[in-house]
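Enquirer: In order, the protein sequence lines correspond to chains A and B.
Read in numbering that gives the first Met the number 0, the first sequence has 334 at position 335, and its numbers run on one by one without any break.
Read in numbering that gives the first Met the number 0, the second sequence has 40 at position 41, and its numbers run on one by one without any break.
Number of protein chains: 2
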Amino acid sequence: MRARTSSFTSGTATSPIGAFEDWCLSRIAGTLQGAQIRVQLWDGRGVALSERMPVATVVVRDRGTLVRLLYRTDLEFGEAYAAGRLDVQGDLVAALDSINRAVGFRPFQRRRARAGRIPLSSSRHNVHTHYDLGNAFYRLWLDEQMLYTCAYFETPDATLETAQRAKMDHVCRKLRLRPGEHVVEAGCGWGALALHMARYYGVTVRAFNISANQLEYARAHAQAQGLSDRVTFVDGDYRAIDERADAFVSVGMLEHVGRHNYTDLGAVIDRVIDPVHGRGLLHFIGRNAPLKLSAWIDRHVFPGAYPPSLGEVLPGVLESRWLSVTDVENLRLHYALTLKHWLARFEDQAGTVREMFDEAFVRTWRLYLAGSQAAFQCGDMQLFQVTFGRPLDSTQPWTRRDLYEAVDAAV
Amino acid sequence: MRARTSSFTSGTATSPIGAFEDWCLSRIAGTLQGAQIRVQLWDGRGVALSERMPVATVVVRDRGTLVRLLYRTDLEFGEAYAAGRLDVQGDLVAALDSINRAVGFRPFQRRRARAGRIPLSSSRHNVHTHYDLGNAFYRLWLDEQMLYTCAYFETPDATLETAQRAKMDHVCRKLRLRPGEHVVEAGCGWGALALHMARYYGVTVRAFNISANQLEYARAHAQAQGLSDRVTFVDGDYRAIDERADAFVSVGMLEHVGRHNYTDLGAVIDRVIDPVHGRGLLHFIGRNAPLKLSAWIDRHVFPGAYPPSLGEVLPGVLESRWLSVTDVENLRLHYALTLKHWLARFEDQAGTVREMFDEAFVRTWRLYLAGSQAAFQCGDMQLFQVTFGRPLDSTQPWTRRDLYEAVDAAV
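1) Under 7 Å, CB to CB, which of the residues in the region 149-172 of chain B have a partner in chain A?
2) Identify, in the order they occur along the chain, each residue of the same chain with its Cβ nearer than 7 Å to the Cβ of A/Val361, setting aside the five sequence neighbours on each side.
3) What's the call for A/Gly179, buried or exposed, on a 16-neighbour Cβ count within 10 Å?
4) Any residues in the region 192-210 of chain A with a beta carbon nearer than 8 Å to a beta carbon of chain B? Which ones, in chain order?
5) Applying a beta-carbon distance threshold of less than 7 Å, which residues of chain B neighbour A/Thr448?
6) Would you mind sorting A/Met52 into buried or exposed? The rule is 16 or more other CB atoms within 10 Å of its CB.
7) On the criterion of 16 or more Cβ atoms from any shown chain inside 10 Å, does A/Gly17 qualify as buried, or is it exposed?
8) Scan the region 160-248 of chain B and note each continuous beta strand (DSSP E) run of 3 residues or more that stays entirely inside, going in chain order.
9) Looking at chain B, is there any beta carbon in it that lies within less than 9 Å of the beta carbon of A/Glu254?
10) Would you mind stating whether B/His282 and B/Leu382 have Cβ atoms separated by less than 9 Å?
11) Which term fits A/Ala369, buried or exposed, when burial requires 16 or more other beta carbons within 10 angstroms of its beta carbon?
12) Give a yes or no on whether the minimum CB-CB distance between B/Ala34 and chain A is below 9 Å.
13) Measuring alpha carbon to alpha carbon, tell me which residue in B/Asp401, B/Ala343, B/Ile296, B/Asp269 is nearest B/Leu317.
14) Which class does A/Gln88 belong to by DSSP, given the choice of helix, strand or coil?
15) Would you please state the rounded distance, in angstroms, between the beta carbons of B/Gly29 and B/Val38? I believe it to be under 8 Å.
16) Examine chain A for any beta-carbon lying closer than 9 Å to the beta-carbon of B/Arg389, and answer yes or no.
17) I need the DSSP call for A/Arg286, collapsed to helix, strand or coil.
18) How about B/Gly17: is its C-beta nearer than 9 Å to some C-beta of chain A?
19) Is the Cβ of A/His259 closer than 9 Å to any Cβ of chain B?
20) At the level of alpha carbons, what is the spacing between A/Tyr137 and A/Ala193?
21) At what residues does the beta strand (DSSP E) containing B/Arg399 begin and finish?
22) Evaluate B/Phe301 with the Cβ neighbour count: other Cβ atoms within 10 Å of its Cβ, from every protein chain shown; 16 or more gives buried, anything less gives exposed.
23) Suppose only complete runs of 4+ residues qualify. What are the alpha helix (DSSP H) ranges in the region 36-92 of chain A, listed by chain order?
24) What residues in its chain sit with their C-beta under 8 Å from that of A/Thr56, if we drop five residues either side in the sequence?
25) Specify, as a first and last residue, the run of the alpha helix (DSSP H) that B/Gln446 falls within.
26) Taking its Cβ as the centre, do 16 or more other Cβ atoms sit within 10 Å of B/Ser25, making it buried, or is it exposed?
27) B/Gly378 versus chain A: which residues are under 7 Å apart at the beta carbon?
28) Taking the DSSP output, what are the residues bridged to B/Thr386?
29) Just checking: is the beta-carbon of A/His276 within a distance shorter than 9 Å of some beta-carbon in chain B?
30) In the DSSP assignment, find the unbroken alpha helix (DSSP H) run with B/Met355 in it and report its ends.
31) Applying the criterion that 16 or more other CB atoms from any shown protein chain within 10 Å of the CB defines a buried residue, is B/Gln213 buried or exposed?
32) Using 9 Å as the limit for Cβ to Cβ distance, is A/Gly310 near chain B?
33) Distance cutoff 9 Å, beta carbons only. Does A/Ser319 sit that close to anything in chain B?
34) Report yes if the CB atom of A/Ser293 is closer than 9 Å to the CB atom of A/Gly103, and no otherwise.
35) A/Ala246 and A/Leu174 look like a contact to me (Cβ under 8 Å); what is the Cβ gap, rounded to whole Å?
36) For B/Phe19, count neighbouring C-beta atoms within 10 Å of its own C-beta (all shown protein chains included) and say buried if the count is 16 or more, exposed if not.
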């Protein structure tokens with residue numbers, strides 16, 4: 000349990016409202032025109048931004064917040080929400096979804112900073128900031144196997160547990176794993192996929208991670224499941240991988256690699272997978288076009304993360320090594336539903352999270368989960384699964400039909 | 000029927016062989032080391048390039064050809080083969096496949112020339128050169144519906160006719176066509192897909208083409224099938240399309256668009272498809288990485304064609320318009336099999352083709368079909384189907400399972 004300094008304030012009326020505040024309000028209303036929300040100031044006055052019934056009321060609790068929303072919108076919205084200087088009364092996900100749709104997407108917005116390569120030391124810092132919040136925290140609201148990536152819902156009413164197992168099977172089937180093969184996994188989280196592959200597909204796995212908490216957890220589970228001889232969890236960055244395997248898999252790591260390291264990742268994949276029948280799968284959060292990540296998420300939730308477009312990923316990671324794309328699937332709506340499950344479980348455990356951290360932490364994570372759900376729902380974010388192989392490999396099945404026929408038989 | 004000037008020679012021994020010819024032969028042997036072929040000169044002497052049993056003997060019939068093979072390899076091989084100055088005795092496809100594998104792929108080889116935009120006038124010239132050879136010629140060896148693009152074989156033993164119908168259904172299912180919708184097709188060949196969509200999926204279609212022969216054929220078939228009120232064949236380039244549709248489809252046209260027109264194509268798609276539920280599919284020959292097309296194919300078969308990598312296509316055509324990639328499938332082996340069928344039918348009709356044109360034409364097309372089959376077989380060429388949609392559209396099915404379940408029911 001780590002304590003965080005709380006900047007939470009209860010948020011009360013701070014000052015009388017005049018022409019300046021009205022002007023600020025009208026500027027915000029102009030930018031968000033059409034969003035199905037009402038924006039309200041600390042004295043109760045406000046405006047509806049659409050003629051339709053508002054899904055929520057955004058309450059701005061003081062003048063400083065109102066002003067800062069004009070020039071550091073994204074950062075201020077998140078920080079003020081976390082601190083309680085801004086509140087959303089009503090349906091938070093629907094409000095964020097509606098704001099996204101009103102603002103529209105901004106393709107080819109200029110990206111600033113972070114153009115440099117991400118060195119290993121900052122990779123470690125970035126990963127620790129997010130993934131080392133403590134296994135106890137994530138256990139509160141993830142599924143029983145601790146999968147912190149998009150699930151695969153055969154039908155929308157599947158449980159999260161079922162959908163996470165289905166995701167692992169979907170990945171294994173796309174990789175066409177055969178008993179006795181060797182798999183390298185880059186960025187293995189709490190180890191569920193590595194253990195699943197070994198147990199149900201008869202392969203050996205070396206899984207790499209740089210989060211100490213996750214590695215400790217994964218090793219304990221390998222031990223408990225009697226899989227320690229077939230699954231090795233290695234403390235190392237993807238750049239440290241130097242061994243041959245039949246398949247390479249990475250689920251939810253590419254977002255943390257950094258655009259300028261894509262050719263390095265391609266070189267790693269090229270030296271790992273078998274020169275004739277080697278294949279791999281990259282599962283990652285992406286965008287429809289290059290766009291900078293929210294400044295608030297970058298600063299307060301996922302430092303250094305970048306969800307790339309396919310056009311950014313493919314040249315460096317695969318084309319530079321003459322690897323052949325065999326399949327791309329977009330599971331955007333599956334991630335929206337995964338996040339809906341996480342958010343509901345998180346809310347159920349909000350009291351415990353508050354005790355472990357503080358109210359600002361609870362509100363930061365609530366906004367992050369709700370905002371992510373909204374982003375996948377409205378098409379601002381994508382979830383790509385890219386399957387690839389060596390150009391000479393002609394052993395893949397004739398169609399993709401087997402991915403769907405094998406569902407009931409595999410496990 | 001158009002006559003072509005024949006440059007075919009019967010190919011006989013032309014000159015005595017000395018140290019210079021031996022040096023040329025050793026240079027060629029060095030470049031192709033490992034290919035499962037024997038290279039033989041006009042007097043019968045030769046070398047095997049691999050220790051394995053040769054699949055064919057490449058016979059070089061004169062000194063000029065031997066020398067030119069050293070410095071304009073690709074062009075000379077094709078031109079000499081067409082003219083009979085070079086022959087391949089044995090399995091032509093296997094020989095070309097083996098040569099491809101021996102040479103290996105050359106990613107990021109410098110591309111020369113043709114960096115400019117392809118203006119409408121040269122698009123017309125390029126298209127006429129290939130597609131206006133006469134419907135009678137193509138009818139000799141294509142399937143009964145005259146589809147001149149990759150088929151989709153549910154199983155490898157399906158007939159070409161069945162596989163071409165399955166391809167059209169696969170495309171229609173990926174587009175999720177609903178009765179009453181309107182579809183725009185860019186580059187419609189002899190019109191089979193447009194008619195299929197209208198007849199079996201209940202949509203109206205406007206299909207664009209700039210090949211006069213193909214348009215005439217397509218219109219006659221629409222008339223004969225009583226579909227003229229629902230399918231319109233328009234004499235126009237993709238740039239002329241200016242209407243709204245629910246879906247945009249293009250099968251085998253992107254190869255002729257030219258890399259520097261991709262953002263123009265993106266703009267056309269963006270103004271065509273519905274702003275909320277619009278979607279589309281691009282079916283095209285591609286590469287694993289940017290690479291110049293064979294100089295021989297560019298000069299003698301497909302002027303102006305360029306098979307792009309996904310990394311070249313996506314930024315201009317889709318990302319520039321914030322369109323969302325929903326599915327990519329690679330049907331490389333299906334194209335190898337399609338070409339195998341075409342080549343077999345072409346050989347059956349070689350006598351008729353010779354009467355329509357001449358021997359050099361027969362040999363040019365034999366080499367083109369065999370070389371293409373080899374290129375898809377060995378992973379030098381890819382066939383991509385890219386499905387895309389508007390970012391806000393959330394009406395797609397939950398998984399791709401329906402693409403495979405619906406197969407028997409659709410038609």
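Think of the CB as a built atom: it goes at the ideal place given N, C-alpha and C, for glycine as much as any other residue.
Expert: This is what the structure gives:
1) Phe152, Glu153, Thr154, Pro155
2) Residues Ala349, Val352, Arg353 of the same chain have their beta carbon placed closer than 7 Å to that of A/Val361, with the five preceding and five following residues left out of the count.
3) exposed
4) none
5) In the structure as shown, chain A starts at 0 and stops at 410, and residue 448 of chain A therefore has no counterpart that could be examined.
6) exposed
7) exposed
8) Considered as a whole, the region 160-248 of chain B harbours 181-185, 203-208, 230-234 as its complete beta strand (DSSP E) runs of no fewer than 3 residues, in chain order.
9) Judged by the 9 Å Cβ criterion, A/Glu254 is not in contact with chain B.
10) Contact flag set, yes.
11) buried
12) no
13) Distances from the alpha-carbon of B/Leu317 to those of B/Asp401, B/Ala343, B/Ile296, B/Asp269 put B/Asp269 closest.
14) strand
15) No, B/Gly29 and B/Val38 are not in contact; Cβ-Cβ is about 11 Å, not under 8 Å.
16) yes
17) strand
18) no
19) no
20) 19 Å
21) Premise fails: B/Arg399 is in no beta strand (DSSP E) and is neither H nor E.
22) buried
23) 62-70, 72-82
24) Ile36, Arg37, Val38, Gln39, Gly45, Val87, Gln88, Gly89
25) Examination of residue 446 of chain B is not possible in this model, given that chain B is present from 0 through 410 alone.
26) exposed
27) Ser323, Pro390, Leu391
28) B/Leu280, B/Asp326
29) With 9 Å as the cut-off, A/His276 does not count as an interface residue toward chain B.
30) 349-355
31) With 16 or more Cβ atoms within 10 Å of its Cβ, B/Gln213 is classed as buried.
32) Yes, A/Gly310 counts as interfacial toward chain B.
33) Answer yes: the Cβ-Cβ gap between A/Ser319 and chain B drops below 9 Å somewhere.
34) No, these two residues do not count as a Cβ contact at 9 Å.
35) A/Ala246 to A/Leu174, Cβ: 5 Å. Contact.
36) exposed
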